[in-house]
Amino acid sequence: MTMNVLLITLSCLLAVTSCKEDDKKIVVRELKSVTYQPTEEIFPNPERGFYKYSLIEPGSGSGALSFTQVSNYRNSGISLVMRYFYLKNFKDKPLSSDALKEIDNDFETTRRAGIKIIPRFAYSQAQDEPDASLEIIIQHLDQLKPIFEKNSDVIATVQAGFIGSWGEWYYSTNDLYNANARREVIKKLLQVVPKNRTIQVRTPAYKQEYFNRKSALTLEEAFTGSDISRVGHHNDCFLASSTDYGTYENPVVDKAFLNNECLYVPIGGETCPPDGVDPATSTKAQNDMRYLRWTYLNEDYYKGVNNTWITDGGMDNIKRELGYRFQLSSGEYTNNVKPGGLFKSRISIKNLGYAPLYNPRLVELILQNVESGEKYKIQLDVEPRFWHPLENVIIEEEVGLPINIPQGDYKLYLHLPDPEPALYGKPAYSIRLANDNVWEASTGYNNLNITINVSSENMSENYSGEKIFEKI
1 MTMNVLLITL
11 SCLLAVTSCK
21 EDDKKIVVRE
31 LKSVTYQPTE
41 EIFPNPERGF
51 YKYSLIEPGS
61 GSGALSFTQV
71 SNYRNSGISL
81 VMRYFYLKNF
91 KDKPLSSDAL
101 KEIDNDFETT
111 RRAGIKIIPR
121 FAYSQAQDEP
131 DASLEIIIQH
141 LDQLKPIFEK
151 NSDVIATVQA
161 GFIGSWGEWY
171 YSTNDLYNAN
181 ARREVIKKLL
191 QVVPKNRTIQ
201 VRTPAYKQEY
211 FNRKSALTLE
221 EAFTGSDISR
231 VGHHNDCFLA
241 SSTDYGTYEN
251 PVVDKAFLNN
261 ECLYVPIGGE
271 TCPPDGVDPA
281 TSTKAQNDMR
291 YLRWTYLNED
301 YYKGVNNTWI
311 TDGGMDNIKR
321 ELGYRFQLSS
331 GEYTNNVKPG
341 GLFKSRISIK
351 NLGYAPLYNP
361 RLVELILQNV
371 ESGEKYKIQL
381 DVEPRFWHPL
391 ENVIIEEEVG
401 LPINIPQGDY
411 KLYLHLPDPE
421 PALYGKPAYS
431 IRLANDNVWE
441 ASTGYNNLNI
451 TINVSSENMS
461 ENYSGEKIFE
471 KI
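Structural data, given as structure tokens:
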């Protein structure tokens with residue numbers, strides 16, 4: 001009888017212990033789910049969208065970008081300026097120190113205003129206006145190298161330029177419309193523009209000619225810093241004719257090339273007066289921009305085409321989807337964790353835009369104490385340039401909290417800042433997600449709308465890895 005009582009008691013104790021252990025496992029593994037609401041709001045984001053066109057003739061003493069002008073662009077929803085530097089006063093001589101200073105000042109002005117530049121250098125604004133010799137072009141590029149290096153943070157991409165009218169590699173009075181001249185300019189540009197930035201050429205054939213290759217970039221080649229990974233594309237007669245005024249040699253083949261290629265390098269440009277075709281509807285424009293992965297477009301030219309998209313009702317959608325547009329779908333998080341404990345997150349995000357990112361970008365989680373405002377961050381081991389259009393991406397991380405983190409409630413944010421030190425943490429250069437009640441304009445953070453409780457009494461797993469939130 002005594003033995004039976006002991007066995008029953010032991011069984012009960014084991015059952016209770018088992019239940020407690022099971023309960024503990026449930027608490028450890030439980031993640032809090034959050035569903036995010038989309039927004040159709042039109043808002044600016046770095047390095048994408050419609051741009052403003054402007055020009056200067058360095059050395060003339062006039063035409064400099066003003067801070068007020070560029071700030072007004074930013075306030076109107078513009079994050080890019082296409083800046084033409086017409087070197088008309090230096091077609092046969094080195095750039096002066098004053099001219100170089102004027103160029104440098106433009107970059108600094110855009111930095112203060114929260115905008116980036118797409119620079120193009122040229123010598124001619126008309127078909128019969130002289131350009132410069134190849135020797136002068138190479139000399140000027142060597143002079144510009146320090147400016148490119150100093151200001152790479154606010155360079156979105158560099159259009160090749162220099163040769164011919166408007167720097168579009170046509171109508172050269174110095175006989176530079178040839179493979180050798182193109183090869184020398186591309187080679188020098190790749191040397192003087194920092195490796196973390198791309199250049200863009202006017203037609204797909206020019207890149208294929210330089211690299212002696214018809215196939216597009218591959219995933220394995222992308223963003224490696226190799227020369228071929230750093231040459232993108234621009235089209236200054238988008239939707240203007242069957243070949244876009246000579247942009248394409250074989251439109252079907254060349255567009256298929258760009259469809260693959262521009263997952264990894266930027267493409268953009270402007271429309272121009274149609275030749276033999278009607279102005280493109282917004283439906284056709286959107287279909288082509290999505291297929292070709294367009295990132296940016298001139299807002300002011302050509303109005304005859306752009307205005308068509310306003311009247312037929314498609315312009316707002318183009319403004320939303322030109323370039324990238326990231327939208328949260330849902331998230332799962334460890335919402336009760338102890339100091340030194342394991343924090344799990346699983347975030348679902350989709351790129352609704354026409355194009356991916358093309359420049360480096362950080363992805364961080366930020367914890368902020370509700371009472372003290374104290375912040376902790378961790379950089380996630382993900383590459384957002386591979387968040388391709390219309391693909392669902394899952395960001396799944398297991399990281400640790402510091403053992404000495406103060407107990408209390410914390411807000412959780414997703415932060416996508418510019419990695420350049422001069423721009424890091426500036427809201428104008430951080431990416432806003434396309435969701436309601438997420439964007440925090442004062443910090444550039446995206447609120448994940450969950451409270452994380454940190455307490456030594458929480459029954460979370462210990463973290464033994466090296467990826468730990470650090471105090472900001």
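Be aware that the sequence shown starts at 1, since it is given in the UniProt record's numbering, and climbs by one per residue.
Just so you know, even glycine gets a beta-carbon here, dropped at the ideal spot from N, CA and C.
All figures in this text were calculated on a predicted structure; none of them were measured in a lab.
A contact is defined here as three or more CB-CB pairs under 8 Å, and the region 390-399 meets this definition with respect to the region 342-351. Every beta strand (DSSP E) stretch that sits fully inside the region 389-432 and reaches 3 residues is listed by chain position as 392-400, 408-415. For the set Leu217, Glu184, Glu168, Ser133, the Cα lying nearest the Cα of Tyr84 is the one of Glu168. Just so you know, the alpha carbons of Asn178 and Asp104 end up roughly 31 Å apart. Taking a cut-off of 8 Å for Cβ pairs, the region 424-438 and the region 118-125 do not touch, as fewer than three such pairs fall below it.
The DSSP-derived three-state label of Arg120 is strand. Excluding the 5 residues flanking it on each side, Tyr245 has same chain C-beta neighbours closer than 6 Å at Cys237, in chain order.
For Phe386 and Thr173, the gap between their C-alpha atoms comes out near 42 Å. Residues Phe343, Leu401, Ile452, Val454, Asn458, Ser460 of the same chain have their beta carbon placed closer than 7 Å to that of Val337, with the five preceding and five following residues left out of the count.
Contact between the region 214-231 and the region 258-274 is present, with at least three C-beta pairs closer than 8 Å.
Its Cα nearest to that of Val201, the residue Leu189 stands out among Pro194, Leu189, Lys426. Within the same chain, Leu31, Ser33, Arg346 come within 6 Å of Glu332 by CB-CB distance, once the 5 residues on both sides are set aside.
Going by DSSP, Ser97 is part of the alpha helix (DSSP H) stretching over 97-113. Judged by DSSP in its simplified three-state form, Val337 adopts strand. Proximity of the region 309-326 to the region 419-426 falls short of the contact definition, fewer than three beta-carbon pairs being nearer than 8 Å.
For Asn259, no beta strand (DSSP E) segment is defined; the enclosing uninterrupted segment is the alpha helix (DSSP H) at 251-261.
The beta carbon of Gly323 is closer than 8 Å to those of Asn45, Glu47, Arg48, Gly49, Trp294, Thr295, Tyr296, Gly353, Tyr354, Ala355 in its chain, skipping five residues each way along the sequence.
For Phe223 against Pro194, the beta-carbon gap comes to about 14 Å, at or over 8 Å, which does not count as contact. Note on geometry: alpha-carbon atoms of Glu383 and Val363 lie some 8 Å from one another.
With contacts defined as CB atoms closer than 9 Å, Leu365 and Leu380 qualify as a contacting pair.
By a beta-carbon distance limit of 8 Å, Ala156 contacts Leu80. Their separation comes to about 6 Å.
The beta carbon of Ser60 sits closer than 8 Å to those of Asn89, all from its chain and outside the five residues before and after it, given in chain order. Within the same chain, no residue comes within 6 Å of Lys284 by CB-CB distance, once the 5 residues on both sides are set aside. Between the alpha carbons of Pro279 and Gly304 lies a distance of about 7 Å.
Per DSSP, Tyr376 lies in no alpha helix (DSSP H) segment; the continuous beta strand (DSSP E) that holds it begins and ends at 375-379. Taking C-beta atoms as the reference points, Leu390 and Leu328 fail to come closer than 9 Å.
Counting along the chain, Lys188 sits inside the alpha helix (DSSP H) bounded by residues 179-192. The three-state secondary structure of Arg361, taken from DSSP, is coil.
Where Tyr86 is concerned, the enclosing beta strand (DSSP E) starts and stops at 80-86. Val370 counts as exposed, since fewer than 16 other C-beta atoms from the protein chains shown sit within 10 angstroms of its C-beta. If you check the CB distance, His233 and Lys255 do not come in under 9 Å. Within the same chain, Ala240 come within 6 Å of Pro274 by CB-CB distance, once the 5 residues on both sides are set aside.
When secondary structure is reduced to three states using DSSP, Arg202 falls in the coil class, being assigned neither helix nor strand. Gln37 counts as exposed, since fewer than 16 other beta carbons sit within 10 angstroms of its beta carbon.
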